[in-house]
Structures are given as structure tokens and as C-alpha cells.
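Report on the structure given below.
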Amino acid sequence: PQPFTSLTRSPFRSAHVISCPVALDNPPSVPIIMGQKPSSPLATCLDKVCNGRSSCVGYPNDPLFQINWVKPYNLDIPVQPIAVTRPSTAEDVAGFVKCAAENNVKVQAKSGGHSYGNFAIGGTDGALVIDLVNFQNFSMDTNTWQATFGGGHKLHEVTQKLHDNGKRAIAHGTCPGVGIGGHATIGGLGPSSRMWGSCLDHVVEVEVVTADGKIQRANDKQNSDLFFALKGAGAGFGVITEFVMRTHPEPGDVVQYSYAITFAKHRDLVPVFKQWQELIFDPTLDRRFSSEFVMQELGVAITATFYGTEDEFKKTGIPDRIPKGKVSVVINNWLGDVAQKAQDAALWLSDIQSAFTSKSLAFTHNDLISEDGIQTMMDYVDSVDRGTLIWFLILDSTGGAINDVPMNATAYRHRDKVMFFQGYGVGIPTLSGKTKDFMSGVADKIRKASPNELSTYAGYVDPTLDNAQERYWGPNLPALERIKATWDPKDLFSNPQSVRPNASAKDVEPAASGGSNNSGSKGGDS
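Letter by letter, the sequence shown follows residues 46 to 571 in this note's numbering.
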């Protein structure tokens with residue numbers, strides 16, 4: 046491989062390249078004629094809540110329903126909601142939830158709509174979508190530095206408003222159009238997460254509409270069981286209209302590193318990947334550092350972020366452990382860092398609707414891919430018909446502050462992970478079976494090379510996954526099933542892979558904490 050490296054110091058704007066069927070029980074059958082307003086008890090109820098307001102509810106009879114209201118993210122998974130609502134208040138949300146419950150219609154909230162399985166629009170036909178686009182309220186308590194904001198914000202909006210209100214920040218991913226509503230209720234991972242924790246670790250309280258149509262507050266003391274579930278499995282438990290989050294002062298300098306590699310065969314990358322993997326699996330790795338290994342058709346890029354000065358970065362010894370190459374340095378602040386990562390992320394699978402397939406896996410410190418396993422994976426990529434020129438294999442570092450939190454403290458279970466794998470194949474204009482087989486094959490090769498069974502992060506949802514709930518929530522699943530039976534026994538808030546109610550689910554003894562696997566240096570913590 047011929048390396049070329051560039052090192053950028055950039056202002057702190059955090060984001061990470063991300064970052065995107067079960068039939069309903071007795072789904073409502075409402076014949077729709079194009080151009081004719083639907084007439085049904087559900088439509089009557091929804092219209093009553095809207096009370097004549099324009100742009101409050103859309104139905105399939107609208108010829109532009111899919112384009113203007115549904116806006117599917119993954120064009121390979123067609124989904125037709127029964128209606129899409131755009132409430133303006135928590136009372137509107139409560140009204141819409143009651144309408145759905147009275148008419149036996151499933152409900153899903155939509156914030157940014159970036160679910161790889163289109164779960165934000167139901168994941169399957171017949172759901173009522175509650176689009177939170179109008180929930181844009183924001184305030185900052187300058188005594189506690191806790192921010193309160195609506196569930197309809199996109200990540201770039203949150204970043205800008207935090208900056209404008211005291212130069213504050215939270216950990217989050219890199220795709221600017223991702224919605225905070227899904228991001229902060231499923232995990233929310235990004236370059237600053239090793240330093241500060243996941244996005245959901247910043248949530249201290251929420252306002253949520255539950256299945257009975259009531260507007261509730263939930264935190265560690267009030268409705269604490271519901272709060273536990275909302276922090277990692279939120280889609281199955283309610284519609285969050287408002288978040289309260291703790292924030293950090295924006296970091297100063299941010300060092301950004303990129304290392305582009307050209308090669309004749311992917312097998313040439315085996316020693317490069319092995320060296321990178323050994324670095325990010327190091328349990329003493331400075332928490333201010335995060336990195337990503339991105340492989341695609343035309344090459345490989347290793348990117349890295351360090352929250353600190355160039356001198357501090359050099360003192361960690363990390364630059365000496367990354368493949369050598371020509372280095373250039375540019376310094377930015379937090380906002381510039383986020384903006385640059387957003388530009389990179391926007392090049393693929395950000396806000397662009399496309400037909401794609403995805404696979405993901407999660408690795409603990411005991412799941413290091415062996416050199417033989419790396420070789421097998423690279424040989425497979427070289428030999429198989431990939432069916433597309435637009436594909437990505439992405440491996441991200443994780444751990445650090447995320448792993449300080451006990452595994453059973455929130456629904457998010459990946460407190461013992463140090464690396465995530467994501468694979469994407471994009472079809473233009475349609476997705477081929479060869480591309481699906483390619484992505485499945487890569488994931489299979491990695492699984493077989495792992496000494497242990499690998500789990501999956503629900504934020505990188507895989508609609509084809511068997512035993513999805515177990516893979517997403519692991520030892521926390523029984524507790525979630527019991528909480529679901531308490532708060533949503535009829536499974537109103539539902540998508541094909543959400544938590545199902547089970548009042549008799551037996552708890553599994555959880556690990557005390559994942560922190561011992563990758564605690565790392567606390568340099569740079571705020």
C-alpha cells in the first residue's frame with residue numbers, strides 16, 4: 046500500500062460518519078382512492094386533533110404522499126404508513142397516540158428519519174407516523190448548563206444552538222441531518238464519545254407521551270423504569286417531545302488525521318488493518334482519541350480525531366503507531382471539526398435517499414480479528430462480485446467513557462465494546478441481489494473469524510437480522526420486555542424489531558460494568 050497522510054487540527058464540531066418485516070396485528074384496511082380524502086374513524090380522529098390546521102396530517106390519497114410526507118430513507122424497503130402527522134405540541138402528540146390506540150394502529154415517532162430499515166415510518170405498512178419536525182424549542186440553563194430542546198432537532202441544529210448559547214457541546218454522531226429523537230434514544234455514537242460517553246448518556250430527563258396518551262416526565266427518580274428503557278430502546282416505549290441534557294464546554298483545538306491508501310488488491314491491506322486494530326484495541330488508549338477505518342472500491346482511508354493540541358497529541362505516542370506518511374496539520378475549533386466531518390459524511394448515506402443494504406457487528410476487547418481472519422475477509426472482498434461500485438466497510442473505535450457506565454444502567458447494552466463494524470452497499474437505481482450477498486458474506490466472514498458471538502448496535506439496524514432483539518439489547522432484553530408490558534402492553538409503539546411486551550420475562554444477571562475492558566486514559570475529560 047502507498048500511504049498518504051494528512052493531519053488536520055480543526056474546531057470542535059463533533060459528528061461521526063454513520064453516520065441508516067413483521068406484519069401488524071390486524072392492520073387497518075382503509076381503501077384509498079388517489080385524490081379522495083380518506084373517510085375512516087382514524088382519519089376523523091386525526092383531523093379533529095388537527096382542527097383545520099394545514100400541514101398537520103397527510104394521507105396516502107395525496108399523490109405526493111411519499112415525497113412530501115413519508116420521505117423513505119432506504120428506497121429498497123417500500124413502506125406505506127396509514128397517515129403521517131406533524132404535531133406542534135405535546136398535546137397534539139397525545140391526541141394522535143389516542144387516535145391510534147382507539148383504532149388498533151401501530152405508532153412510530155420520526156425525528157430525522159434515518160433508520161436503515163425505515164423504522165421511523167413504521168418499517169412495515171399501516172403505521173401512524175408522528176413526525177416531530179415542529180418541535181424546535183431550545184433553552185439553556187446557565188446555572189446547571191443543562192440544555193432543554195425539542196425532539197425534532199437535527200444534529201447540526203443542536204450543535205449550532207449549543208454553540209450559540211454558551212459554547213457548549215454534547216457527544217453525537219457526524220451526519221448533520223440525523224434526528225436527535227432517534228439518536229439519543231438508541232445510543233448516539235461519534236468521535237467525542239470515547240471522551241464524553243454516548244449521546245444518550247447526556248440525557249437527564251425527557252418529556253414523553255406514553256401509550257395511554259398521557260404526557261409524562263421521566264428521569265432517574267420519576268418513572269425511572271421507563272427512563273431506563275427510553276435510553277437505548279426508545280422507539281418501542283413512547284414519543285419523546287423534549288430532552289434535557291447535560292453539556293460540556295466546547296474543546297479547544299482538535300487534531301484531525303486522514304490517511305489515504307491506494308492498493309492493487311485488498312489483501313495488501315492486511316498488515317495495515319492489523320496495525321490499526323491493535324491501536325484501537327489498546328485498553329490504555331487516550332480517551333481524547335478516536336479513529337475510523339473506511340474501505341471502499343477505490344481505496345482506504347484511516348481517519349482519526351484527537352481533542353487537544355498538536356503537542357498533546359504527539360505526547361500520547363499515538364502518531365508513531367499510525368502508518369507513516371506525509372503529514373500536514375490544520376487547526377480548527379469544535380464547530381469546524383463537526384462541519385468537516387459532516388461534509389465527509391454527507392458524501393454518502395447522509396440525507397440522500399437511496400436503495401441500500403447494511404450489516405453491522407460489535408466487538409468486545411476479546412473479539413480481536415486474527416490475522417488469518419483479516420486475510421480471509423480481504424480475500425473475499427477481492428474475489429466476490431460486489432454488484433456495485435458504491436460500497437463501504439467501516440470500522441469505528443468506541444469504548445472509553447461509554448464503558449464507564451454499567452451495562453444494566455440503561456437499555457443500551459454495548460458498554461463492553463471497543464469497535465463497531467458497518468457495511469453498506471448502495472444500488473443505483475436499484476439494489477442487486479449480488480450486493481446484498483456481498484454484504485452478508487463480509488459479515489459472515491467476520492463472524493466466523495471471531496472467537497465469540499458478535500452482537501449488533503440497534504442504531505445500525507439490520508432488518509434481516511434473526512433474533513434481532515437479543516442481538517441489540519442482550520442481557521437487558523428481559524427487563525425491557527417487562528417494562529414494555531407495564532407501559533405498553535398492547536405494543537402500540539412498534540416496528541419490526543422493537544421490544545415486545547412480556548410480563549413474565551426473567552432477568553439475566555448483567556455484567557457489572559464494561560468499563561474494565563476499555564477504560565483508557567481520562568485525558569481531556571470535561
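For each residue, glycine too, the CB sits at the ideal point set by N, CA and C.
For residue i, the nearest candidate out of the options (CA to CA)
| i | options | result |
| --- | --- | --- |
| A305 | L413, T348, A494 | T348 |
| C95 | Q111, V124, T134 | T134 |
| F194 | E252, Y425, W436, N188 | E252 |
| F183 | C220, F288, K404 | F288 |
| G496 | H410, P86, D121, A280 | Reading off the sequence, residue 496 comes out as Pro, not Gly. The shortest Cα separation from P496 among H410, P86, D121, A280 belongs to H410. |
| Y469 | D417, Y161, P83, N453 | Y161 |
| V299 | R291, T329, I325, G353 | G353 |
| G273 | D176, V450, E355, K493 | Going by the sequence as given, residue 273 is Phe instead of Gly. Closest by alpha carbon: V450. |
| K330 | G519, F338, F351, K310 | Correcting the residue identity first, residue 330 is Leu in this sequence and not Lys. Ranking the options by Cα distance to L330, first place goes to F351. |
| L87 | N106, N149, N113 | N149 |
| F466 | K481, T204, T501 | T501 |
| V463 | L413, A494, V426 | L413 |
| Q301 | I363, E515, T307 | I363 |
| Q111 | S99, A128, G97 | A128 |
| P296 | R213, Q261, K93, L91 | R213 |
| Q420 | E337, D121, R312, S303 | R312 |
| Q341 | R366, K266, M423 | M423 |
| V5 | R366, F141, Y425 | Outside the shown range of the chain, which is 46 to 571, sits residue 5, and nothing can be said about it. |
| P328 | H159, K481, N448 | N448 |
| T130 | I260, G167, V317 | G167 |
| L499 | Q320, T230, R516, H201 | R516 |
Segment limits, alpha helix (DSSP H) that includes residue i
| i | result |
| --- | --- |
| F141 | 135-147 |
| M423 | 416-428 |
| Q261 | Not the alpha helix (DSSP H): Q261 falls in the beta strand (DSSP E), residues 260-264. |
| V94 | 86-95 |
| V253 | It is not in any alpha helix (DSSP H) - V253 instead sits in the beta strand (DSSP E) that spans 248-254. |
| G486 | 478-494 |
| Q267 | Here Q267 belongs to no alpha helix (DSSP H), and DSSP marks it neither H nor E. |
| F572 | This structure does not reach residue 572, given that the chain is present from 46 up to 571, and the question cannot be answered. |
| S238 | 238-241 |
Beta-carbon spacing of residue i, residue j below 8 Å
| i | j | result |
| --- | --- | --- |
| Y457 | G344 | no |
| K151 | A172 | yes |
| G222 | G235 | no |
| P126 | V115 | yes |
| R630 | H247 | There is no way to answer for residue 630, as the model of the chain reaches only from 46 to 571. |
| V339 | F437 | yes |
| R460 | L406 | no |
| A192 | L207 | yes |
| G519 | F483 | no |
| D170 | V124 | yes |
| V487 | E416 | no |
| F334 | T361 | yes |
| T286 | V138 | yes |
| Y425 | K479 | no |
| D144 | C220 | Before going on, a small fix: residue 144 reads as Cys here, not Asp. Not closer than 8 Å, so no. |
Three-way DSSP call (helix, strand, coil) for residue i in this model
| i | result |
| --- | --- |
| Q542 | coil |
| R527 | helix |
| T409 | strand |
| F110 | helix |
| K551 | coil |
| P56 | Residue placement at P56 cannot be trusted, given a pLDDT of 35 that sits under 50; what the coordinates show is reported in the next sentence. If DSSP states are grouped into helix, strand and coil, P56 belongs with coil. |
| W190 | coil |
| K116 | coil |
| A305 | strand |
| R516 | helix |
| V506 | coil |
| F11 | This structure leaves residue 11 out entirely; the chain is present only between 46 and 571. |
| E202 | helix |
| S397 | Sequence inspection shows Ile at residue 397; the Ser mentioned does not correspond to that position. Coil. |
| A274 | helix |
| G195 | strand |
| G235 | coil |
| A456 | coil |
| F164 | helix |
| S470 | Per the sequence presented here, residue 470 reads as Gly, with Ser not at that position. Strand. |
Residue i: first and last residue of the uninterrupted beta strand (DSSP E) it sits in
| i | result |
| --- | --- |
| L173 | 173-176 |
| K155 | 152-155 |
| T219 | Neither: T219 is in no beta strand (DSSP E) and is coded neither H nor E. |
| M290 | 284-291 |
| L438 | 436-442 |
| E337 | 334-341 |
>> Does the contact criterion of 3 or more C-beta pairs under 8 Å hold for the segment 400-409 versus the segment 469-477?
In response: yes
>> Does the contact criterion of 3 or more C-beta pairs under 8 Å hold for the segment 425-443 versus the segment 222-241?
In response: yes
>> Assess contact between the segment 524-537 and the segment 278-285, defined as three or more Cβ pairs (one per stretch) separated by less than 8 Å. Is contact present?
In response: yes
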